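S.K.:
Protein chains in written order, with this note's numbering: chain D, 1 to 234; chain S, 1 to 207.
Here is the structure:
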């Protein structure tokens, strides 16, 4: 079992093809697999469908794959930070499937758990519920949502051991575990690969069974909105 | 005088009770955190955190620690982190006692629209649809009228809905209204705002 690869390009070797469905972790620019995204840009693979809560910003994160027109369709809950996204969408060049944020997370978790569909109250009576099966439970209406089964998951974690056990850091965890779970193959980039035994087994956030390939690398970790308070106010 | 943004947030903070787990939306709702006083409130950030702290001091920003509005924040000694699936599990599962959200339109039956303007503003619903579907008490904080001076309290929403019949209470710059059978009920008026003025700026049925 050799899961550790030298770099992002090597880790994605043989996995990319046109028209595939990729699930990506991250929330905004926090906890995004920036090295793997760069390598996908480099590969030139196209007509991608990407399930990701957001679409990056202009020129960073998934925004890079939008700039190069490699994405055909996004499955997201919020895309408000990206002017190029908006332009491509409003001009009809890009497909967009809006998913409520919790529905998107649960669709990934369900897909990764062998659950092809589930009922949720979220979106009932709205555009999101149109065309979906409605079922009543205990007097309330729920809509049927389907699990996401991705061809590939790209994920960012803080630390891994060489068996793929992962630890995330603070709110950079976000969509990464459910995104990791729902792919046939999951490639993870981390800030540090540690020795076996260095991670407390009780503190593993995602067990290595979900992880197939791992790289270690330097991350820019750009902050989208720096907000601070002054020490005088404290 | 109608309430300003901070006064609306201060009024909204009165909706929160000791021990509550609460989700605050972006904009005026975020300001509510400044007015909880001595109440023991745990703030949820739907990107995967309970126990959200204030903004960091300059130079102490952490790119791995942001709120749902993508702003840098801090943790508290009660903080816990979790993934997005668990985060919305607790929202959908009814564990969050109250959500305070902004809105574009609210209808007299509690319908809420706050996620898109077709052909114009296409940002997405984020976690709003999950929150209004799963949270016990949904409080909307918004201006009574839009920038063009048109009322935002309607008989029926014109924009795509976020949820149907989900709003419990509305706090605007003019006062506080509850969604009840048959329409909206005035609970409170902002200082020096008359009932006539509020009614004249409201299309929804006031009962």
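Beta carbons are placed, not taken as given, at the ideal position from N, Cα and C, and that holds for glycine.
Computed from a predicted model, the values in this text were never measured in an experiment.
Starting from the N-terminal side, write out each stretch of the alpha helix (DSSP H) that is 4 residues or longer and does not extend beyond the region 61 to 98 of chain S.
M.R.: Within the region 61 to 98 of chain S, the complete alpha helix (DSSP H) runs of at least 4 residues are 84 to 92.
S.K.: Is there a Cβ of chain D sitting closer than 8 Å to that of residue 49 of chain S, yes or no?
M.R.: So, interface residue.
S.K.: So that I know if they touch, is there some Cβ in chain D lying closer than 8 Å to that of residue 105 of chain S?
M.R.: It does not: the Cβ of residue 105 of chain S has no partner Cβ on chain D nearer than 8 Å.
S.K.: Any Cβ of chain S within less than 8 Å of the Cβ of residue 22 of chain D?
M.R.: Residue 22 of chain D does not count as touching chain S.
S.K.: Could you tell me how far apart the beta carbons of residue 77 of chain D and residue 100 of chain D are, in whole angstroms, since I believe they sit closer than 8 Å?
M.R.: Yes, they are in contact, since the Cβ atoms of residue 77 of chain D and residue 100 of chain D sit about 6 Å apart, within 8 Å.
S.K.: I'd like the ranges of any beta strand (DSSP E) spanning at least 3 consecutive residues and lying wholly in the region 137 to 183 of chain D.
M.R.: List check, beta strand (DSSP E) in window: 140 to 146, 150 to 161.
S.K.: Answer with buried or exposed for residue 2 of chain D, where buried requires no fewer than 16 other C-beta atoms within 10 angstroms of its C-beta.
M.R.: The residue is exposed, with fewer than 16 neighbouring Cβ atoms inside 10 Å.
S.K.: What residue range does the alpha helix (DSSP H) around residue 178 of chain S cover?
M.R.: Note, residue 178 of chain S: premise wrong, no alpha helix (DSSP H); beta strand (DSSP E) at 175 to 180.
S.K.: Give a yes or no on whether 8 Å exceeds the smallest Cβ distance from residue 77 of chain D to chain S.
M.R.: Taking Cβ atoms only, chain S reaches closer than 8 Å to residue 77 of chain D, which makes this a yes.
S.K.: I need the DSSP call for residue 52 of chain S, collapsed to helix, strand or coil.
M.R.: Strand.
S.K.: By the criterion of Cβ-Cβ separation under 7 Å, what are the contact partners of residue 226 of chain D in chain S?
M.R.: In chain order: 61, 72.
S.K.: My guess is that residue 186 of chain S and residue 8 of chain S are in contact by the Cβ rule of under 8 Å, so how many angstroms apart are they, rounded?
M.R.: In fact, because the Cβ distance is near 16 Å, the residues do not count as touching under 8 Å.
S.K.: Count the C-beta pairs between the region 108 to 121 of chain D and the region 73 to 93 of chain D that are closer than 8 Å, then say yes if the count reaches three, no if not.
M.R.: No, they do not touch.
S.K.: Is the CB of residue 110 of chain S under 8 Å away from at least one CB in chain D?
M.R.: So no, residue 110 of chain S is outside the interface.
S.K.: Since residue 116 of chain S sits in a beta bridge, which residues does DSSP pair it with?
M.R.: Partner(s): S:122.
S.K.: Identify the contact partners of residue 30 of chain D in chain S, using a Cβ-Cβ distance below 7 Å as the criterion.
M.R.: Under the 7 Å cutoff, chain S gives 63, 64, 66.
S.K.: With DSSP as the reference, identify every bridge partner of residue 169 of chain S, one or two as the case may be.
M.R.: In DSSP, residue 169 of chain S forms a bridge with S:139, S:178.
S.K.: I want to see whether chain D comes within less than 8 Å of residue 32 of chain S, judged by CB atoms only; does it?
M.R.: Chain D contact via Cβ: absent.
S.K.: The beta strand (DSSP E) with residue 51 of chain D in it runs from where to where?
M.R.: 48 to 51 is the span of the beta strand (DSSP E), which, as asked, contains residue 51 of chain D.
S.K.: Using Cβ-Cβ distances below 8 Å, what residues of the region 125 to 143 of chain D are close to chain S?
M.R.: So the close ones are 125, 126, 127, 128.
S.K.: Is there a C-beta anywhere in chain S that falls below 8 Å from the one on residue 47 of chain D?
M.R.: Output row for residue 47 of chain D: interface = no.
S.K.: Residue range of the alpha helix (DSSP H) that residue 89 of chain D falls in?
M.R.: 83 to 90 is the extent of the alpha helix (DSSP H) around residue 89 of chain D.
S.K.: Could you pull the DSSP bridge partners for residue 151 of chain S from this structure?
M.R.: Answer is S:145, bridged to residue 151 of chain S.
S.K.: Does the count of Cβ pairs from the region 179 to 194 of chain D and the region 147 to 157 of chain D closer than 8 Å reach three?
M.R.: Output reads yes: the region 147 to 157 of chain D touches the region 179 to 194 of chain D.
S.K.: Provide the residue(s) that pair with residue 23 of chain D in DSSP beta bridges, ordered along the chain.
M.R.: Answer is D:51, D:153.
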